[in-house]
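There are 2 protein chains.
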Amino acid sequence: MKTRRKFIKETAAGAMAAMSIPKVLYEFPAGAGQKKIKLEKNNVILFQGDSITDAGRNKQNESFNNPSSLGSGYAFLATAALLESFPSLNLKVYNRGISGNKVFQLAERWDKDCLDLKPDVLSILIGVNDIWHTLNGQYNGTVEKYRNDYIALLERTMAALPSVKLIICEPFAVPGVKAVDDRWYPEFYEYQKSAREIAERFGAIFVPFQKVFDEAQNRAPGSYWTGDGVHPSLPGAQLMAKAWLKTVL
Amino acid sequence: MKTRRKFIKETAAGAMAAMSIPKVLYEFPAGAGQKKIKLEKNNVILFQGDSITDAGRNKQNESFNNPSSLGSGYAFLATAALLESFPSLNLKVYNRGISGNKVFQLAERWDKDCLDLKPDVLSILIGVNDIWHTLNGQYNGTVEKYRNDYIALLERTMAALPSVKLIICEPFAVPGVKAVDDRWYPEFYEYQKSAREIAERFGAIFVPFQKVFDEAQNRAPGSYWTGDGVHPSLPGAQLMAKAWLKTVL
Chain G
11 MKTRRKFIKE TAAGAMAAMS IPKVLYEFPA GAGQKKIKLE KNNVILFQGD
61 SITDAGRNKQ NESFNNPSSL GSGYAFLATA ALLESFPSLN LKVYNRGISG
111 NKVFQLAERW DKDCLDLKPD VLSILIGVND IWHTLNGQYN GTVEKYRNDY
161 IALLERTMAA LPSVKLIICE PFAVPGVKAV DDRWYPEFYE YQKSAREIAE
211 RFGAIFVPFQ KVFDEAQNRA PGSYWTGDGV HPSLPGAQLM AKAWLKTVL
Chain S
11 MKTRRKFIKE TAAGAMAAMS IPKVLYEFPA GAGQKKIKLE KNNVILFQGD
61 SITDAGRNKQ NESFNNPSSL GSGYAFLATA ALLESFPSLN LKVYNRGISG
111 NKVFQLAERW DKDCLDLKPD VLSILIGVND IWHTLNGQYN GTVEKYRNDY
161 IALLERTMAA LPSVKLIICE PFAVPGVKAV DDRWYPEFYE YQKSAREIAE
211 RFGAIFVPFQ KVFDEAQNRA PGSYWTGDGV HPSLPGAQLM AKAWLKTVL
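Chain order of the listed sequences is G and S. So the mapping is simple: this note's numbering equals the position in the first sequence, first residue as 1, plus 10. So the mapping is simple: this note's numbering equals the position in the second sequence, first residue as 1, plus 10.
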């Protein structure tokens, strides 16, 4: 049994720990030295992207902070941590990722699925389909098209939401696992370089997911973190959520 | 803004914390002083219970470590942390919670949904429906029936799986939120007392969820952590996952 004093002490310590949970969820060098985002009361946070962000979310449920509408990927896991860690901020978190999307498909639905939601914090993970669907003949993409479409999308975003806090997530892949073969390289490096340059150009926080998955392979094979080299497994999604929280907050 | 010194200090502290992520996910006094479970290679972990454990899992998908089969509650969130934190253990985590279940309904499906899975670690959260369904006239339960049914279920479990590591989770409710009115008390305290006594009787780890939800109300109103007083919200589920990990590991 605990003394009252000890209980109070631990509770106080716990309270402080709770305030910085996201920062200690995963002490990854990702984002070290980068600026952070200070979440404010009533902030609207939007996760945008492709299937990795979508993660099987229920498209009929467009509400915020809702497991069904958030899917079962990194966006859901990061949201659970955000809502539990910052109960006083009244955060509203949306997921509008859609499987298969490339940058131009984000642009096609951007008014409804981004600008109309007026996010204070916008996190985008896009790019893997821009190369993948080109390699498998479903799309005719190039690095230049990816870069130009992405820049145009963000210029349009900043014009409509000048004070939005931007987070650009690095498209990633795990070489040698199923879908990710030699045909991806070195071209995919150019897509990743473009994402990083675009983050710098727009003063966005950059989440280096490739580094996260590269480092994770010191703990388990790539196939443990992603089934097909592109889509994260459950532990892979948790890895992403931790890296996102660590980098952003 | 942070000073460099402060940043280094926090990073170092965080790095140590990262070595034992599950234990520091939430520095809650819950479970302090209790024995812990040491997970071992190839361990099978089973979450059993009612709708709070079920959390909308896809019953057609009976696989392990799978977001669809794990639902979107504390079992899913705890599993994501377990699989990411212990990649070398080849853990297999199942969720077999079913909405509306009372203890006797666990017993009816126990061979298929527990014993046949041969869990090394078995976590059970059951009891809220035993009183709730009695209060709303769907069931004719008593504390004695809850206690006796629960003891019989665990004796049957220990006979079939003598080396299983047991985790008994405390049934909880948030008084004053929707479904949880004065009719619950003081009787519900007896259900909670029975769960704690049963945990002691079987040498199980006891997860004090009531304390977790009571303490959380120092940070936000009860309605933030549970919509109806019984089912956790997303932040409530994260709260549970953290408390479970902190208490068990």
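Glycine included, each C-beta is placed from N, C-alpha and C at the ideal position. Predicted model only: the values in this text are computed from it and were never measured.
Count the other CB atoms, across all protein chains shown, that sit within 10 Å of the CB of residue 40 (chain G); report buried if there are 16 or more and exposed otherwise. Within the first sequence, the letter at position 30 stands for residue 40 (chain G). Note on residue 40 (chain G): pLDDT 43, under 50, position unreliable in the model; no value is reported.
Going by Cα to Cα distance, which pick from G:184, G:201, G:205, G:131 is closest to residue 172 (chain G)? Locating residue 172 (chain G) in the first sequence gives position 162, counting from the first residue. The candidate whose alpha carbon is nearest that of residue 172 (chain G) is G:131.
Quick check on the burial criterion: 16 or more other C-beta atoms within 10 angstroms. Buried or exposed for residue 148 (chain G)? Numbered from 1 along the first sequence, position 138 holds the residue referred to as residue 148 (chain G). Per the 10 Å Cβ criterion, exposed.
Residue from G:190, G:230, G:67 whose Cα sits closest to the Cα of residue 181 (chain G): As a position in the first sequence, residue 181 (chain G) is number 171, starting the count at 1. When each option's Cα is compared against that of residue 181 (chain G), the closest is G:190.
Closest Cβ-Cβ distance between residue 87 (chain G) and chain S: below 8 Å? Residue mapping note: residue 87 (chain G) aligns to position 77 of the first sequence, counting from 1. The beta carbon of residue 87 (chain G) falls within 8 Å of a beta carbon belonging to chain S, placing the residue at that interface.
Determine the direct distance from the alpha carbon of residue 110 (chain G) to that of residue 66 (chain G), and round the result to whole angstroms. As a first step, residue 66 (chain G) must be located in the first sequence, where it is residue number 56. As a first step, residue 110 (chain G) must be located in the first sequence, where it is residue number 100. A direct Cα-to-Cα measurement between residue 66 (chain G) and residue 110 (chain G) gives close to 12 Å.
Pick from G:178, G:246, G:186, G:105: whose alpha carbon is nearest that of residue 161 (chain G)? Taking the first sequence and counting its residues from 1, one reaches residue 161 (chain G) at position 151. Closest by alpha carbon: G:178.
Quick one: does residue 44 (chain S) have its CB under 8 Å from some CB of chain G? Position 34 of the second sequence holds residue 44 (chain S). By this cut-off, residue 44 (chain S) is not an interface position.
For a cutoff of 8 Å on Cβ pairs, would you count residue 18 (chain G) as touching chain S? As a working note, residue 18 (chain G) is residue 8 in the first sequence. The predicted position of residue 18 (chain G) is uncertain, since its pLDDT is 40 and thus under 50; no value can be drawn from it.
Which chain G residues are close to residue 234 (chain S), counting only those with a beta carbon under 7 Å from its beta carbon? The residue labelled residue 234 (chain S) in the question sits at position 224 within the second sequence. What residue 234 (chain S) touches in chain G: 97.
Please state whether the Cβ-Cβ distance between residue 84 (chain G) and residue 113 (chain G) is less than 8 Å. The sequence position of residue 84 (chain G) within the first sequence is 74, counting from 1. The sequence position of residue 113 (chain G) within the first sequence is 103, counting from 1. Cβ distance not < 8 Å, so residue 84 (chain G) and residue 113 (chain G) don't count as in contact.
Roughly how many angstroms lie between the CA atoms of residue 245 (chain G) and residue 52 (chain S), to the nearest whole one? Within the first sequence, the letter at position 235 stands for residue 245 (chain G). Within the second sequence, the letter at position 42 stands for residue 52 (chain S). Taking the straight line from one Cα to the other gives about 16 Å.
Please confirm whether residue 248 (chain S) has its beta-carbon closer than 8 Å to some beta-carbon of chain G. One-based indexing of the second sequence puts residue 248 (chain S) at position 238. With a threshold of 8 Å between beta carbons, residue 248 (chain S) makes contact with chain G.
Taking 7 Å as the cut-off, is the beta-carbon of residue 114 (chain S) closer than that to any non-hydrogen atom of the ligand SAM? Looking at this structure, you won't find the ligand SAM or any other ligand, since it has none at all.
Could you pull the start and end residues of the beta strand (DSSP E) that residue 252 (chain G) belongs to? Position 242 of the first sequence, counted from the start, is the residue given in the question as residue 252 (chain G). Judged by DSSP secondary structure, residue 252 (chain G) falls outside any beta strand (DSSP E) and instead within the alpha helix (DSSP H) spanning 244-258.
Using CA atoms only, rank isn't needed, just tell me which of G:98, G:107, G:78, G:46 is closest to residue 64 (chain G). What you label residue 64 (chain G) is simply residue 54 of the first sequence in a count that begins at 1. Between residue 64 (chain G) and the set G:98, G:107, G:78, G:46, the nearest pair of CA atoms involves G:107.
State yes or no: is the beta carbon of residue 207 (chain G) nearer than 8 Å to at least one beta carbon in chain S? In the first sequence, the residue the question calls residue 207 (chain G) occupies position 197. Residue-level contact check: residue 207 (chain G) does not touch chain S, since none of the beta carbons of chain S fall below 8 Å from its beta carbon.
What are the residues in the region 60-87 of chain G lying within 9 Å of chain S by C-beta distance? Legend: CB atoms of the region 60-87 of chain G lying less than 9 Å from CB atoms of chain S belong to residues 65, 66, 75, 76, 77, 78, 80, 81, 82, 83, 86, 87.
Distance, residue 222 (chain G) Cα to residue 249 (chain G) Cα: Here the question's residue 249 (chain G) lines up with position 239 in the first sequence. Here the question's residue 222 (chain G) lines up with position 212 in the first sequence. About 7 Å.
Between residue 205 (chain S) and residue 234 (chain G), what straight-line distance do the alpha-carbon atoms span, to the nearest angstrom? Counted from its first residue, the second sequence places residue 205 (chain S) at position 195. Counted from its first residue, the first sequence places residue 234 (chain G) at position 224. The straight-line gap separating the alpha-carbon atoms of residue 205 (chain S) and residue 234 (chain G) is approximately 37 Å.
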